[in-house]
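Enquirer: In order, the protein sequences belong to chains L, W, R and C.
Letter by letter, the first sequence follows residues 0 to 399 in numbering that gives the first Met the number 0.
Letter by letter, the second sequence follows residues 0 to 399 in numbering that gives the first Met the number 0.
Letter by letter, the third sequence follows residues 0 to 399 in numbering that gives the first Met the number 0.
Letter by letter, the fourth sequence follows residues 0 to 399 in numbering that gives the first Met the number 0.
Pasting in a structure now, in structure tokens, and then I'll have a few things to ask.
There are 4 protein chains.
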Amino acid sequence: MTDRNIHVQPESGLAVEDQNVEIVERKGIGHPDSICDGVAESVSRALAQTYLDRVGKVLHYNTDETQLVAGTAAPAYDGGEVLEPIYLLIVGRATKEYEGQRIPAESIALKAAREYLDEQFPFLDVGGDIIVDVELGEGSGDLQSVFGEEGAVPMANDTSYGVGHAPLSETEQIVYNTEHRLTGEYAEENPVVGQDVKVMGKREGDHIDVTVAVAMVDEHVSDLYEYKDAVEGVREYVSDLATDYTDRDVTVHVNTADDYDEESIYLTTTGTSAEQGDDGSVGRGNRANGLITPNRPMSMEATSGKNPVNHIGKIYNILSTEIAQSVADEVDGIRQLQLRLLSQIGSPIDEPHVADAMLVTEDGVAVGDIEDEVHEAVDAELADVTGVTRKVIEGDVSTF
Amino acid sequence: MTDRNIHVQPESGLAVEDQNVEIVERKGIGHPDSICDGVAESVSRALAQTYLDRVGKVLHYNTDETQLVAGTAAPAYDGGEVLEPIYLLIVGRATKEYEGQRIPAESIALKAAREYLDEQFPFLDVGGDIIVDVELGEGSGDLQSVFGEEGAVPMANDTSYGVGHAPLSETEQIVYNTEHRLTGEYAEENPVVGQDVKVMGKREGDHIDVTVAVAMVDEHVSDLYEYKDAVEGVREYVSDLATDYTDRDVTVHVNTADDYDEESIYLTTTGTSAEQGDDGSVGRGNRANGLITPNRPMSMEATSGKNPVNHIGKIYNILSTEIAQSVADEVDGIRQLQLRLLSQIGSPIDEPHVADAMLVTEDGVAVGDIEDEVHEAVDAELADVTGVTRKVIEGDVSTF
Amino acid sequence: MTDRNIHVQPESGLAVEDQNVEIVERKGIGHPDSICDGVAESVSRALAQTYLDRVGKVLHYNTDETQLVAGTAAPAYDGGEVLEPIYLLIVGRATKEYEGQRIPAESIALKAAREYLDEQFPFLDVGGDIIVDVELGEGSGDLQSVFGEEGAVPMANDTSYGVGHAPLSETEQIVYNTEHRLTGEYAEENPVVGQDVKVMGKREGDHIDVTVAVAMVDEHVSDLYEYKDAVEGVREYVSDLATDYTDRDVTVHVNTADDYDEESIYLTTTGTSAEQGDDGSVGRGNRANGLITPNRPMSMEATSGKNPVNHIGKIYNILSTEIAQSVADEVDGIRQLQLRLLSQIGSPIDEPHVADAMLVTEDGVAVGDIEDEVHEAVDAELADVTGVTRKVIEGDVSTF
Amino acid sequence: MTDRNIHVQPESGLAVEDQNVEIVERKGIGHPDSICDGVAESVSRALAQTYLDRVGKVLHYNTDETQLVAGTAAPAYDGGEVLEPIYLLIVGRATKEYEGQRIPAESIALKAAREYLDEQFPFLDVGGDIIVDVELGEGSGDLQSVFGEEGAVPMANDTSYGVGHAPLSETEQIVYNTEHRLTGEYAEENPVVGQDVKVMGKREGDHIDVTVAVAMVDEHVSDLYEYKDAVEGVREYVSDLATDYTDRDVTVHVNTADDYDEESIYLTTTGTSAEQGDDGSVGRGNRANGLITPNRPMSMEATSGKNPVNHIGKIYNILSTEIAQSVADEVDGIRQLQLRLLSQIGSPIDEPHVADAMLVTEDGVAVGDIEDEVHEAVDAELADVTGVTRKVIEGDVSTF
């Protein structure tokens, strides 16, 4: 055991599963805020990789400020069209010159954004339905990071914190997986399901309401009957899916704002509401664990787009979640674990000012029984802090 | 007493003042994120007022997406200059036509932004140091709000929630007032203090560290000696100020990133770090109560720029804070009150799905002793929900 | 013969071929100004075709204002890269709604621009090396044109004029064909030749200097030797080519600004100087006949991007050139024909206020000998004025 | 006499005054194209002056690419408003760093544009009715000019030419002065006259039609009667004014597109058609002498915004006009003088490859009689080539 300042203590409040009301939200990858998160993080990864390839270390950058201005669209059965394109402005800082070598930061950003959008949004014509613009200025020259050199652990340059928890509550699991599986396996079979799927879970006692808003893709809908079928399909799929995660009573609501009499339905041409009236920006949606969880402490920090080498807020948000998950997996008897990491300016980031683990144990297990195990597990994970950076750059960690 | 669904219960965890570590942050009005918040809210107010003046009710709009792209500056003793202007893009939705009448939403936005910036930033030349651009699209036509007509209470159009607390902890009071008073009364006497003042408070047990980053204004600094004097002046002022709010031991740190040997100091031409490398956007900084408080539940919702008539997230965030404050003022024996409001889609916003008040009482007071009083006070405040809208439009409520 | 007001008269000055100094210039399709012309005209054609397809007539639009902001590039032997992308802003007016039908003018513009650029610029990565943005506002509502309906001839809505001539002088032919053939057949075999080929011809007496600036494509050049070979190849090809058009003495200069000692050469990554420092806009380069001919009267009117149904300046510039060419072909004895068309506001555009043909005849032919023939030929061509519109929309006429 | 290559010869064609049809146009300072010209030239002057002040010489820049995107307005009797602001993008190249000193080129550009617009457009709210944006990239590093150092004459870096003439024909004088005096002395007394005054003169034989389009300012018009009065006032003023320049028969037409029955009139809020649907850009309007003269040879070169030290096209266009004027003033017997200057790459710009003066003499004067005088006068003017640069920087020469 090192001398890392790790506290393990009982959670003073109720476990979230025991609270009377629980609210959980997830904005799907096609939500305008998530589009920005996704683009920002893709740009970040592409820049980091370029720096590694060209100069052997990650230089200073931050691309956590993408802004999306919604377009106007005229969706229609069997296929409508975008009338006024979406406008996406990638904003941030990047090192454009290093020891005489110039780095094409803006071109890299454009290409990374295009690749990401092309891959994730089959119904969005990049360059036709969406304009991608970029403004990457230069930051202060002395902010050059040093990742990749001899595995040194960077120093924290800010007082910041991260917070994560595990395991996910049932409602959280349902919300998270509803979006993932709908836009994943389900959309593959049912292309009518667009990428903009917003899920709200509300548990009151033992009843869970799951409200799903799915942007249906117009070219796969011929008329109102098909639309209703698509809605019903989603409802059934999600109802079924929910039983994988809970024995509680679940009610699923899909596209509740529809008005069939007025034929006012949630139809889109591109699979995202960004095509019509919904603006977006980075850091306004899901937290690093993919959820918005008002019942839990959350960090305000935008994770997507930040430099994964030295941005302590990003690293600690991802790390706290990862540590919580792996500790909850490894150590038996944990019902709920919340981990908070607070940085110490000027100290290596693997030595946080304090790492606070708050535990709710399972019946019959005392915090004291597993305290040491948790302490050790947290310690071991902290020791591998640069692993997080590597995983982020390689795209193995989602940030939203 | 109405049949509003108001719960009053004991807080299950520790009062924040009793927790071992407390972190509080405030980004001053000149922080790039706050500049965006401030502009977005000014634009919102101007639009709301224009709608009221012209059509007698507030029409649909949302202007919660301002993006700031940092400039480049060359600050210098006795006055430097901005090399590349800051770029500010106001983004959102607005109703531009109503019953045949056209509303100059974009021009209104530009003028409101300019007025706000001129008023708040004496060292920033609007149009010379900062470019203000605007893209206000139109949203869905059926989202027209009806404020001002017969005082009707709008229906909640979303499942959303707001959370507020009172009273502020000592650390919160110090952090909040440090920024307010530095950029207020102190800056009036000491124009060297710019508008970008970031305050971080960290309490560990009974020791509070207050870390202040002040953008000093170059035209009021002739050399390093004067700069050091300015820093020392701030340190003393804040140390002094802190004693108004606490008996705890307080250490104040000012501009800790300075390196006097390298003459690398926090000097700016415009009083904000937006002039050099710090981008910003709405909703990324302070919550509606002006603070970032990781020890408390917080809403992710961006409050600034949202429509105060029907945006339930905005209303409930402001309202929960206002209610918490007034209840904590009125009812004796409250040590900490946290109020959470959850909306009910389709119900009037003064009838939340649930209003949860979590209490920590003072020694010798039981929750049961004041439960009814709290219930009544919350009920009365909820009844005046439209008062919040009015106050927001009139600029009597700060949103960041 | 109709009563069109056609004047045929002798040219009062010298034929251009007889003037002592003649200057002719052509900016190739890859010149920044020409890129703008080409995009503007593509957008125009796409809009016109869309209007015809959807509402059966061409509605009001004008897209003659594309602005290109140059990028920054780092060309290198065997392939360099664009560092900061080119920015292209398509500006203009378009009808976006017609009898309840919405027209996606901006999306059409983006797609037309992309298609044009993809087709013409094999070394330019659209969306990666160049950002295409668009701002198409709406014009005055009463400017709706009516092309396609019963073949009516539109009325002139402005006092405007067009001017054309035929045949091309020898120098003009050389300049024109040098660019066309270099970027055409020659580039096909020699991809090292980029699209930005600027040709200046200067004839003094019987000596012609042809100065060619060719943007060489870096990925097809391995070193300075290959570059020199490429330059020499162009020189030989153009020298050879010139003999097809003249018996005069021709000297060809290629990339004269190169400095081999400094290895400062005209190498580009994308085949156009827009990648590095050369901005461009519509109407600043070639006239409608593809040339800049200071020895001839020229119209200031930007032809590219204008509405070909009712923009009298565009129509008359193209028409005067076409008429001059066909008359010079049909009627024997013409050494030089210059035709000027002046519109009459409120009259059908096939009835110009005046059509002035200025003739220089061949030796032994008097103007009087062919006056009637010319008059008739001009008259017949004018009768088919709407044919020009059709050809423009179908892309059979070049505008720059 | 030097050995400058100056040719003096008789004009081979007819003097413009003797041609049957003459067309002359002037776009007033408030025309969208002229707004761009004016801004571009202001920016150019401000940059040149800054370079002189800071480094003692004019560095490389070119700001000849301003693009204006029209707004939308709702003019109304007694004062309307701009609905969607005009967008003005200043584009060009500038040196931003020189020997370690940074030059705030973009901020200078913004401020110069604002100052120009504020000064010239009393009814346009800069920052409210018009957004001014800027993109000044850097050009090639080796293009640094050297003005101000020892009075050296720069070398021509391009084959370019300029063309000017004097004196102005009667129609030219009328057109030029109509705009100048209307927007000058007349507008001072009659603020109803906006800055966007477009004048077209058409002379056929001895009849001159002057067609004036005046953007009337709505806040100075209460109803249709006042509007008609304003129109009639302009008509009378111009009719009167014309007699200062000609004895020919003149008919003046004002705002001919008005339709009083429909109350469709030329009313603006800002005094320029840029507020509603008319885009603009640099170099698309008046030539360097302030006129568009299809009866004369014209240069395609955009003059406004170009670097006056080394941009040979700009210098020669201004210089040829200035020389023509001063020679026509000094030398008796000149009825029409056209001067063309052609540069010689690599030679000092005061030694053009050729200076061609084409003369039409007054009755009784032979070209031979004044040939030497003209030669000498041209020679003397050329010797003072750098004087043009100075005058341009000081704003003593208009470029559009």
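Backbone N, C-alpha and C define an ideal beta-carbon position, used for all residues, glycine too.
Computed from a predicted model, the values in this text were never measured in an experiment.
#1: The segment 318-352 of chain R: which residues have C-beta closer than 9 Å to a C-beta of chain C, in chain order?
#2: Starting from the C-beta of D355 (chain C), find all residues in its chain whose C-beta is less than 6 Å away, skip the five residues before and the five after it, and write them out in chain order.
#3: If T158 (chain W) sits next to S342 (chain W), beta carbons under 8 Å apart, how far is it from one beta carbon to the other, in whole angstroms?
#4: Looking at C-alpha atoms only, which residue of L:N4, L:V20 and L:L13 is the closest neighbour of V353 (chain W)?
#5: Could you list the residues in the segment 104-122 of chain W with a C-beta less than 7 Å from some C-beta on chain C, going in chain order?
#6: Mapping the DSSP letters down to three states, classify Q275 (chain L) as helix, strand or coil.
#7: Going straight from the alpha carbon of P74 (chain R) to that of T267 (chain R), what length do you get?
#8: Once you ignore the five residues that flank A229 (chain R) on each side, which residues in its own chain have a CB closer than 6 Å to its CB?
#9: Can you give the Cα-Cα distance for E262 (chain R) and G161 (chain C), rounded to whole angstroms?
#10: Using a Cβ-Cβ cut-off of 8 Å, state whether E80 (chain L) counts as contacting chain R.
#11: Taking Cβ positions, are V209 (chain L) and A241 (chain L) nearer each other than 8 Å?
#12: What residues in its chain sit with their C-beta under 7 Å from that of A14 (chain R), if we drop five residues either side in the sequence?
#13: Below 8 Å on the Cβ atoms is my contact criterion, and I expect F399 (chain W) with T302 (chain W) to pass it. Report the Cβ-Cβ distance as a whole number of Å.
#14: Starting from G138 (chain L), find everything on chain W with Cβ-Cβ shorter than 9 Å and list it in chain order.
#15: Pull up the CB-CB distance for G394 (chain W) and R44 (chain W), whole angstroms please, since I reckon it's below 8 Å.
#16: Along chain W, which residues have their Cβ under 8 Å away from the Cβ of P400 (chain C)?
#17: Taking C-alpha atoms, which residue in W:Y97, W:Q194, W:Q66 and W:A323 lies nearest to I118 (chain W)?
#18: Hey, E171 (chain R) and L290 (chain R): beta-carbon distance below 8 Å or not?
#19: Going straight from the alpha carbon of R234 (chain W) to that of E372 (chain L), what length do you get?
#20: Taking the alpha-carbon of N61 (chain W) as reference, which of W:A93, W:N254 and W:V54 has the nearest alpha-carbon?
#21: Which partner residues of V220 (chain R) appear in the DSSP bridge assignment?
#22: Since Q8 (chain L) sits in a beta bridge, which residues does DSSP pair it with?
#23: Residues of the segment 198-217 of chain W with a CB closer than 8 Å to any CB of chain L: list them in chain order, please.
#24: L135 (chain C) and A165 (chain C): beta carbons closer than 8 Å?
#25: By alpha-carbon positions, which one of W:V90, W:A111, W:G55 and W:Y50 ends up nearest to I102 (chain W)?
#26: Beta carbon of I348 (chain C), beta carbon of I311 (chain C): below 8 Å?
#27: In chain order, what residues of the segment 49-70 of chain C put their CB closer than 7 Å to some CB of chain R?
#28: With DSSP collapsed to three states, give me the class of M0 (chain C).
#29: Determine, using beta carbons only, whether I34 (chain L) and A273 (chain L) come nearer to each other than 8 Å.
#30: Restricting to Cα atoms, I'd like to know which of L:A47, L:T71, L:D77 and L:S41 is closest to T65 (chain L).
#31: Determine, for M0 (chain W), whether the minimum Cβ-Cβ distance to residues of chain L falls below 8 Å.
#32: Are any of the Cβ atoms in chain W nearer than 8 Å to that of R283 (chain L)?
#33: Name the chain W residues whose beta carbon is nearer than 8 Å to that of V125 (chain C)?
#34: Which one of L:Q48, L:S280 and L:V377 has the shortest CA to CA distance from Y315 (chain L)?
#35: Taking a contact to mean a Cβ-Cβ separation below 8 Å, would you say V404 (chain W) touches A69 (chain W) in this structure?
#36: According to DSSP, what are the bridge partners of L87 (chain W)?
Expert: Taking the definition as stated:
#1: R339, L341, I344 and H352
#2: Locating residue 355 (chain C) in the fourth sequence gives position 356, counting from the first residue. Excluding positions up to five away in sequence, the list reads H6 and R339.
#3: The residue you call residue 158 (chain W) lines up with position 159 of the second sequence. The residue you call residue 342 (chain W) lines up with position 343 of the second sequence. At roughly 6 Å, the Cβ-Cβ gap stays under 8 Å, so T158 (chain W) and S342 (chain W) are in contact.
#4: Translated into positions along the second sequence, residue 353 (chain W) becomes position 354. Measuring from the Cα of V353 (chain W), the nearest candidate turns out to be L:V20.
#5: E105, S106, L109, K110 and R113
#6: Stepping through the first sequence from its first residue, residue 275 (chain L) is reached at position 276. Three-state DSSP puts Q275 (chain L) in coil, outside helix and strand.
#7: The residue labelled residue 74 (chain R) in the question sits at position 75 within the third sequence. The residue labelled residue 267 (chain R) in the question sits at position 268 within the third sequence. Cα-Cα distance, rounded: 5 Å.
#8: Start at 1 with the first residue of the third sequence, and residue 229 (chain R) comes out as number 230. So the list reads V191 and M215, once near-sequence residues are dropped.
#9: Residue numbering aside, residue 262 (chain R) sits at position 263 when the third sequence is read from its first letter. Residue numbering aside, residue 161 (chain C) sits at position 162 when the fourth sequence is read from its first letter. Cα-Cα distance, rounded: 33 Å.
#10: The residue labelled residue 80 (chain L) in the question sits at position 81 within the first sequence. Output row for E80 (chain L): interface = yes.
#11: Here residue 209 (chain L) refers to the residue found at position 210 when the first sequence is read from its first residue. Here residue 241 (chain L) refers to the residue found at position 242 when the first sequence is read from its first residue. Taking 8 Å as the Cβ cut-off, V209 (chain L) and A241 (chain L) qualify as a contacting pair.
#12: The sequence position of residue 14 (chain R) within the third sequence is 15, counting from 1. Around A14 (chain R): R334, Q335 and V359.
#13: On the second sequence, position 400 is the one that residue 399 (chain W) refers to. On the second sequence, position 303 is the one that residue 302 (chain W) refers to. That belief holds up - the Cβ atoms of F399 (chain W) and T302 (chain W) are roughly 7 Å apart, short of 8 Å.
#14: Translated into the one-based positions of the first sequence, residue 138 (chain L) becomes position 139. Under the 9 Å cutoff, chain W gives A69, Q275, G276 and D277.
#15: Within the second sequence, residue 394 (chain W) is the residue found at index 395, counting from 1. Within the second sequence, residue 44 (chain W) is the residue found at index 45, counting from 1. Between R44 (chain W) and G394 (chain W) the Cβ distance is about 6 Å, and since that is below 8 Å, they are a contact.
#16: Outside the modelled stretch of chain C, which goes from 0 to 399, sits residue 400 (chain C), for which no answer is possible.
#17: As a first step, residue 118 (chain W) is located in the second sequence; it is residue number 119 there, counting from the start. Strictly speaking, residue 118 (chain W) in this sequence is Glu, with Ile absent from that position. The shortest C-alpha separation from E118 (chain W) is found at W:Q194.
#18: What you label residue 171 (chain R) is simply residue 172 of the third sequence in a count that begins at 1. What you label residue 290 (chain R) is simply residue 291 of the third sequence in a count that begins at 1. The answer is yes: Cβ separation under 8 Å.
#19: Translated into positions along the second sequence, residue 234 (chain W) becomes position 235. Translated into positions along the first sequence, residue 372 (chain L) becomes position 373. So the two alpha carbons sit approximately 44 Å from each other.
#20: If you number the second sequence from 1, residue 61 (chain W) lands on position 62. Per the Cα distances, W:A93.
#21: Your numbering for residue 220 (chain R) matches position 221 in the third sequence. Answer by DSSP bridge pairing: none, since V220 (chain R) is not bridged.
#22: For the purposes of this step, residue 8 (chain L) is identified with residue 9 of the first sequence, where counting begins at 1. Looking at the DSSP assignment, Q8 (chain L) forms a beta bridge with L:M357.
#23: M199, K201 and T210
#24: To locate residue 135 (chain C), count along the fourth sequence from 1; it is residue 136. To locate residue 165 (chain C), count along the fourth sequence from 1; it is residue 166. Not in contact: L135 (chain C) and A165 (chain C) (Cβ atoms no closer than 8 Å).
#25: Start at 1 with the first residue of the second sequence, and residue 102 (chain W) comes out as number 103. It is W:Y50.
#26: Against the fourth sequence, residue 348 (chain C) aligns to sequence position 349. Against the fourth sequence, residue 311 (chain C) aligns to sequence position 312. Cβ atoms of I348 (chain C) and I311 (chain C): closer than 8 Å.
#27: E64, Q66, V68 and A69
#28: Here residue 0 (chain C) refers to the residue found at position 1 of the fourth sequence. At M0 (chain C), the pLDDT of 48 sits below 50, so the modelled position is not reliable and the matter cannot be decided from this model.
#29: On the first sequence, position 35 is the one that residue 34 (chain L) refers to. On the first sequence, position 274 is the one that residue 273 (chain L) refers to. Contact flag set, yes.
#30: The residue given as residue 65 (chain L) occupies position 66 in the first sequence. Of the listed residues, the one whose Cα sits closest to T65 (chain L) is L:S41.
#31: Position 1 of the second sequence, counting from 1, holds the residue named residue 0 (chain W). Because M0 (chain W) sits at a pLDDT of 48, beneath the cut-off of 50, its placement in the model cannot be relied upon, and the following sentence gives the value as read from the coordinates. Taking Cβ atoms only, chain L never reaches closer than 8 Å to M0 (chain W), which makes this a no.
#32: Against the first sequence, residue 283 (chain L) aligns to sequence position 284. Taking Cβ atoms only, chain W reaches closer than 8 Å to R283 (chain L), which makes this a yes.
#33: For the purposes of this step, residue 125 (chain C) is taken as the residue at position 126 of the fourth sequence. In chain order: G126.
#34: On the first sequence, position 316 is the one that residue 315 (chain L) refers to. Comparing Cα-Cα distances from Y315 (chain L) to each of L:Q48, L:S280 and L:V377, the minimum goes to L:V377.
#35: Past the boundaries of the shown model lies residue 404 (chain W); chain W is included only from 0 to 399, so the question cannot be answered.
#36: Counting from 1 along the second sequence, the entry for residue 87 (chain W) is found at position 88. L87 (chain W) is bridged to W:L67 and W:V131.
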